[in-house]
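Q:
Residue numbers (my numbering): 1112 to 2364.
(1) Report the option in 1996, 2074, 1183 whose CA atom is closest to the CA atom of residue 2154.
(2) Who pairs with residue 1811 in a beta bridge, going by DSSP?
(3) Using the C-alpha atoms, what's the distance from residue 2206 back to residue 2348?
(4) Helix, strand or coil: which one does DSSP assign to residue 1671?
(5) Can you tell me which of the three DSSP states residue 2353 falls into?
(6) Distance, Cα to Cα, residue 1453 vs residue 1174?
(7) Alpha carbon to alpha carbon, how far is residue 1781 from residue 1774? Give it in angstroms, no decimals.
(8) Given 8 Å as the limit, is there contact between the segment 1285-1302 and the segment 1205-1220, that is, 3 or more CB pairs closer than that?
(9) Answer with buried or exposed for residue 1596, where buried requires no fewer than 16 other C-beta atoms within 10 angstroms of its C-beta.
(10) Kindly indicate which three-state DSSP category residue 1897 falls into: helix, strand or coil?
(11) Can residue 1818 and residue 1875 be called in contact, C-beta distance under 8 Å?
(12) Identify which residue in 1188, 1628, 2203, 2124 has its Cα closest to the Cα of residue 2196.
(13) Could you give the DSSP three-state label for residue 1259: helix, strand or coil?
(14) Buried or exposed: where does residue 1378 fall if 16 or more other Cβ atoms within 10 Å of its Cβ makes it buried?
(15) Please classify residue 1501 as buried or exposed, where buried requires at least 16 other C-beta atoms within 10 Å of its C-beta.
(16) What distance in whole Å lies between the Cβ atoms of residue 1897 and residue 1842, which are believed to be in contact at a cut-off of 8 Å?
(17) When the Cα atoms are used, what is the spatial distance from residue 2321 to residue 2309?
(18) Grab me the residues of residue 1929's own chain with a C-beta within less than 8 Å of its C-beta, minus the 5 sequence neighbours each way, in chain order.
(19) DSSP three-state call for residue 1147: helix, strand or coil?
(20) Closest to residue 1468 by CA distance: which of 2307, 1477, 1516, 1407 is it?
(21) Please work out which residues of its chain come closer than 6 Å, Cβ to Cβ, to residue 2160, disregarding the five sequence neighbours upstream and downstream, and give them in chain order.
(22) For residue 2216, name the three-state secondary structure that DSSP assigns.
(23) Return the CA-CA distance between residue 2000 and residue 1812, expressed in angstroms with no decimal places.
(24) Distance, Cα to Cα, residue 1153 vs residue 1238?
(25) If we count Cβ pairs, one from each stretch, closer than 8 Å, do we get three or more for the segment 1971-1981 versus the segment 1923-1938?
(26) Taking the C-alpha atoms as reference points, what is the distance between residue 1155 and residue 1204?
(27) Taking residue 1608 as the reference, which of 1509, 2136, 1250, 2157 has the closest Cα?
(28) Suppose you measure from the CA of residue 2240 to the CA of residue 1271; what does that come to, to the nearest Å?
(29) Along the chain, where does the beta strand (DSSP E) that runs through residue 2038 open and close?
(30) What is the C-beta distance between residue 2046 and residue 2010, in whole angstroms, given that I count them as a contact (C-beta under 8 Å)?
(31) Buried or exposed: which applies to residue 2151, given that a residue is buried once 16 or more other Cβ atoms fall within 10 Å of its Cβ?
(32) So, under 8 Å CB-CB, residue 2067 and residue 1972 are touching, yes? Tell me the CB distance rounded to an integer number of Å.
(33) By DSSP, does residue 2346 sit in helix, in strand, or in coil?
(34) Residue 2374 by DSSP, collapsed to three states: which one?
(35) With H, G and I counted as helix, E and B as strand and the rest as coil, what does DSSP make of residue 1497?
(36) Roughly how many whole angstroms lie between the Cα atoms of residue 1403 and residue 1184?
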């Protein structure tokens, strides 16, 4: 699978780190990226990656005759099992998804019944062949394909075998409303369609990363002097992006190799810039930092991404680990084998191993350490059948569970979760506490009990990589070659791959040194060796109690690092300073134990509640001193806070014991304790006492703080050496200067009475004060004259503004300020004070105010911007705010007290949830709403409100119009189906691509069509969105459809008619029969028809709407033989002249009204053959000429033949014959009669008649 996984470690090319254009003019388009899935590539059991590669190559040859035809495609071939185990971002990974044919008898089967039977089988070795089971998509992967491909209109091509699969693959085949989901009868047909496709995603060409505008050296960034600069992510597109394309930046803060909603940190409109910047604003642990740049078309939801990592060297990883071996023994101690690998020579990490046993853990030996969060991670192992020897009771395993619930690292190893006896119920607390069907409660990620590994039926010393990530890249880069390990075997539960937090890293593989290998390649559900689930890590090591294989050692060091870095970490406190008005102490002084404050003064404590986890935005702290406790909630991570111990609690010679406990939201906590010594107040007889303080101790950037200065002149002081003033002294001029650090500027200077002093230099404090103090010498002491003087406590204040950020506290140093007090003496030696006398300089007294530590805090949030959001119904968009300070900067990390997202909308257009600082907006129905972000900066600063527009759209994605057949003259209405059903559009436009067989008229979005002539007309239909989407680049769908016009057929019924005419002499009895011929078009069309040819007068034919009306006029025939009259129909339309109906044959019969017979002579001498009579019929057109004869007299001379139609002579003589017509069956005619005479003669040889009568 190593060739298929999306490798997380991408080393960035840095040849040109400042792109000049936003897109590249590529020589050819990038290859079309396809994920190709099958349940198997051969019906045989595949044991290795090499064997799978061979099967895939063989399969590829069946797809096309020439493999070069696949060159335009970049295909990742995977089994469904492999795909279910992957954890790379699916959204934006591919252009198309394929589920091909199956070589298995039972196709794409999950076969859970078979999985559940494994625990009952005696041949567990054979059950390691899992070729035929777990071949359905997990719910997780089905959801990814549906949400990111089906619903965004990207091709999802399915072989018909998926319809025979289990629930999830079969569900894909039921999504018939999506025209991008297509089903094929063969793989070859599928591939043939696939090679025609082109990508319709916003494609990124490359992303280049720089730090502080400089290329990364060896793909590494090292933080120096606690200064953190911005990263630049420079991106280029393959083609110019559309106006609806945005670019997003994600940083994997949790180190879980996933990019979640709260990991999104920046968003820009793609066309506006080609760079995103971001700064990691506070300390974090050293290690790989994953990033991802996403290009997203917000209209279609389609994406592309580039992702990578760089090594970020900052805070050294120091993990205090407690390893617990089984029972009372120390077998399997990691430190025995890995001691030389636990510390990095470059100072990037250090693992400190503390050893203990499960017996000691159960007895409570480590309870205090657990309570104090002494340990960063717990490891249980390494011992075969650890569950038996390392079994612990409910109370002990509950402590492990509680520890894991703080998010800190827990690692279980080989045979920890095990069920004795192979029954149906848990036999240990390990299983009861760590295995649960509910994935949110399933700490271990293990699920279905199979007992497949019991008895080690398939031991192995080989593992193969499942996928890449932090786990496989740090501290050791683990390549794709199978790794050697100590002997181990499968475990007892399947891995829950439906849980997105479960990430398998290595699987057990077939061992060529062993016989009877059965373990199927790529099945992480059964054959996992190492995996993680959030802060939980499992390692299959431990079957042999030792780490003697080099690869396995490296893997385990990486496992420990990944277990630590991917977990929640306890916070830490940074004690910045302790100060009173006389002295400030730094953290170095605290460590040295030299902190000593003055009794009777307020003591200020400045500390940073901090956490290396970026997802922990806010922390809670509790400060306890001398039994008193004060709680602080929702403190901003890494922001300096101030706490004051009141002067009343600061008592000489009573040390103050301080404890600071800080916890994160999951209650991982840290406790720091230190002692503040308290000294007595200094001797008040000192000449001048100076002190100062600042309010507040933290000045937020661009804000002001006030430094309060106090000068305390003495009530009396000893006579000065060589004092010139014999009687009176005065202090009438005091000057003060101080140079400020560059981060501060002077805003105002004022004295205690509010008098403002001019600010001549913003970087320096300069002022002169007039204390107006007088002293009188009395012996060797100068005594203050309060009635003649001003206040001997002189106060002034300086308002300063923070103008530059500082990564550490800034120090107003004692050496940088000077207070000069001029002491003068009265030249007039008088015992009475005269202020107006001349005064001269006695001396100048220099004083300096003590060091003062000031924290420059983050600026208040001043302005915020949130982008407009355009998304489709059901789609989600992560919205990241851009929050700036008063100067418009973002990298100063502006602060706020609270942040609230809301949608101002009464119509339910959209909804949102808050994730970290971001909002996830989901479109519910079309319309617009207002997205509002309200930020309370805190400290009574004005609320910051940002608003943007949420536009939920439903652009047409698919247009479906089926091709239709109709007949000439027939009408039909074409009704387009625009998907989704909520689609917004103006109209559907139609143009004729070819053909002229129809006439059409558009009515609304429908097309009314009339067939004109046989033939095919092709239309192109396109959805027209008009200006509904305000300039967004909407790719409107179009489709082609055909109208095939067929010629209708004509038929006539009946096909034969016999009509009669009888022109009876009795008018009332006359007969002229009538009939109808029905003409029918199939199908029924509105085209008129006409009769072909002419009709004789014997028949009158009248055309009607449905055919013809017939009337018989007279018989039609020759010599009594009826002649057929053919009637045939065609369309009265030139285009259909060749369409003819069947022929209806009409026979017009006429019955005679008169029959005339002639007398006849028969010469018997010529023979006795029968003779017909001599007849004539009237009318001559009569066709009925059937008759019969009877002998009236002379039967001895002539006889009638058997047919009744001929006469047979007997002998000479005369006979009278009656002749009459017969009657047609069922006709109401009357027979016509006549009589005639027949003379029978006989001539002799000479021809003479020998008749004698």
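C-beta atoms are modelled at their ideal positions from N, C-alpha and C, and glycine is treated no differently.
A: Looking at the atomic coordinates:
(1) 2074
(2) Looking at the DSSP assignment, residue 1811 forms a beta bridge with 1968.
(3) Between residue 2348 and residue 2206, the C-alpha separation is close to 42 Å.
(4) helix
(5) coil
(6) A direct Cα-Cα distance of roughly 51 Å separates residue 1453 from residue 1174.
(7) 6 Å
(8) yes
(9) buried
(10) Helix, per DSSP.
(11) Residue 1818 places its beta carbon 8 Å or farther from that of residue 1875.
(12) 2124
(13) helix
(14) buried
(15) buried
(16) That belief does not hold up - the Cβ atoms of residue 1842 and residue 1897 are roughly 14 Å apart, past 8 Å.
(17) If I take the Cα positions, the gap works out to 5 Å.
(18) 1847, 1848, 1849, 1957, 1958, 1959
(19) In this structure, residue 1147 counts as strand in the three-state DSSP scheme.
(20) Each of 2307, 1477, 1516, 1407 was checked against the Cα of residue 1468, and the nearest Cα belongs to 1477.
(21) 2193
(22) coil
(23) Distance between the alpha carbons of residue 2000 and residue 1812 is about 11 Å.
(24) C-alpha separation (whole angstroms): 18 Å.
(25) no
(26) When rounded, the separation of the alpha-carbon atoms in residue 1155 and residue 1204 is 30 Å.
(27) 1250
(28) Distance between residue 2240 and residue 1271, taken at the CA atoms: about 50 Å.
(29) 2038-2047
(30) Contact holds; Cβ gap of about 5 Å.
(31) exposed
(32) That pair is no contact at about 41 Å.
(33) Residue 2346 falls in the strand class under three-state DSSP.
(34) With the chain represented from 1112 up to 2364, any question about residue 2374 goes unanswered, as that position is not in the structure.
(35) helix
(36) 24 Å
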